[in-house]
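In my numbering, the protein residues as written are 525 to 646.
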């Protein structure tokens, strides 16, 4: 294995660096990755249900196919709700970050005004 600079590293070093990178992910990065993974899972469940409905007559035990359809429909429901929830949380955190940036800018402007007033008063 090689690192970003092209140096040869052992698998132990690679996984150590990988673990450090995972630990340093921000909340926004974690939520974005989880939302993407959940969407991929949701698409997989939908494709599986459609495939089972189309080919259920070819399965040996049709009750098994119906059971799988029910399981996948349940998973589509819960995974869909989870995906919607994650997207709402991402929008919320993006708004918080934007508001935080606005507040920092406002405080910087106030600090500059205070400095200017002090200079003018002296």
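Glycine included, C-beta positions come from ideal geometry on N, C-alpha and C.
In the three-state reduction of the DSSP assignment, residue 536 falls in the helix class. In the three-state reduction of the DSSP assignment, residue 526 falls in the strand class, which pools E and B. Residue range 551-579 is occupied by the alpha helix (DSSP H) that includes residue 551. Assignment of residue 548 by DSSP, reduced to helix, strand and coil, places it in the coil class. DSSP places residue 531 outside both helix and strand once states are collapsed to three, so it counts as coil. Around the beta-carbon of residue 538, fewer than 16 other beta-carbon atoms lie within 10 Å, marking it exposed. Only buried fits residue 607, as 16 or more other CB atoms lie within 10 angstroms of its CB.
Cα atoms of residue 592 and residue 571: separation of roughly 13 Å, rounded to the nearest angstrom.
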